[in-house]
Amino acid sequence: MKPTRSPVQGLRLIALFLCILAANLVSTRPEAAPVQEDQVKAAILYKITRFIQWPRTARTGTLTICMLGKDPLNDYVSSLKGRKKMSQTIDVNILATFDSKTSACNLLFVNESAQTQLEHVLNSLVSTPVLTVSDIKDFAEQGGMVELVRESNRVSFTLNLPAAKAGGFVISSQLMKIARFIR
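In case it helps, this note's numbering puts the sequence shown at residues 306 to 488.
So, in structure tokens, the structure goes:
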């Protein structure tokens, strides 16, 4: 029988993991920082999916993460393909533009290169079971659900609770303990 972890242990592991990765952001070589930051962001994307429950209508055997726009982060997120999130297998799709295929995504990450499409994306996905995530400044304030924020040498996140609830998402109390909110 598999040993189980309490939610507190899981939260501690995430916090430890993020601290270790954040410590690695400090570098004497300026060109190394973006690569390491993208690794942290990919790890956070993977970890937060474990603490967010999708609406029943959106639950299948696959968790599809879509990356909208070009960014080096796409390579790190693509490495998640085939990993497990509970009983779901992760699939990753890279999208150049926002279109009807996006509704097949469970999580849509909007890269900065797709910022011109942001208003259309957020308006189109209001009250749908597509978790919207980005590192674009003020993303959560504009209606996105999860905004990744770089502060000094660490990456944290802001949750837009009204947007997430409108999409039918349930966010665990463990995740809410370590996030900032827009209510």
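Each residue gets a CB set at the ideal place from its N, CA and C atoms; glycine is no exception.
Closer than 6 Å by C-beta to residue i: which residues in its own chain qualify, once you throw out the five before and the five after it? Chain order, please.
| i | result |
| --- | --- |
| Tyr351 | Leu385 |
| Ile483 | none |
| Gln358 | Val475 |
| Tyr381 | Asp343, Gln344 and Ala347 |
| Ser383 | Val397 |
| Arg388 | Ile395 |
| Ala468 | Gly448 and Met450 |
| Glu456 | none |
Taking C-alpha atoms, which residue in the options lies nearest to residue i?
| i | options | result |
| --- | --- | --- |
| Thr365 | Lys375, Lys390 and Gly374 | Lys390 |
| Lys346 | Leu480, Glu452 and Phe356 | Glu452 |
| Thr437 | Val460, Ser408 and Ser461 | Ser408 |
| Asn379 | His425, Thr433, Arg455 and Asn416 | Asn416 |
| Gln422 | Leu412, Ser457 and Leu400 | Leu400 |
| Val454 | Ile353, Arg485 and Cys410 | Arg485 |
| Asp376 | Ile441, Glu456, Ser461 and Gln447 | Ile441 |
| Leu430 | Ser418, Arg459 and Leu412 | Leu412 |
| Ser405 | His425, Ser418 and Gln420 | His425 |
| Cys410 | Asp443, Gln420 and Ile370 | Ile370 |
Would a C-beta distance cut-off of 7 Å place residue i and residue j closer than the cut-off?
| i | j | result |
| --- | --- | --- |
| Met264 | Phe414 | In the structure displayed, the chain extends from 306 to 488; residue 264 sits before or after that span and is not available. |
| Met450 | Asn428 | no |
| Ile487 | Ala445 | yes |
| Ser439 | Ala471 | no |
Grab me the residues of residue i's own chain with a C-beta within less than 8 Å of its C-beta, minus the 5 sequence neighbours each way, in chain order.
| i | result |
| --- | --- |
| Thr362 | Pro434 and Gly473 |
| Pro335 | Because Pro335 carries a pLDDT of 46, less than 50, the predicted location of this residue cannot be relied on, and no value is offered for it. |
Among residues of its own chain, excluding the 5 on either side of residue i, which ones have a beta-carbon nearer than 7 Å to its beta-carbon?
| i | result |
| --- | --- |
| Gln393 | Gly366, Thr367 and Leu368 |
| Ser418 | Gly374, Lys375 and Asp376 |
Thinking residue i and residue j are a contact (beta carbons under 8 Å), I'd like their distance in whole angstroms, please.
| i | j | result |
| --- | --- | --- |
| Ile513 | Leu480 | With the chain covering only 306 through 488, there is no way to say anything about residue 513. |
Problem set entry | Uninterrupted alpha helix (DSSP H) stretches inside the stretch 365-396 (no shorter than 4 residues) | Inside the stretch 365-396, DSSP marks whole alpha helix (DSSP H) runs of 4 or more residues at positions 378-383, from first to last along the chain.
Exercise. What runs of the alpha helix (DSSP H), each 4 residues or longer, lie entirely inside the stretch 445-487?
Worked result: You should have 466-471 and 478-482.
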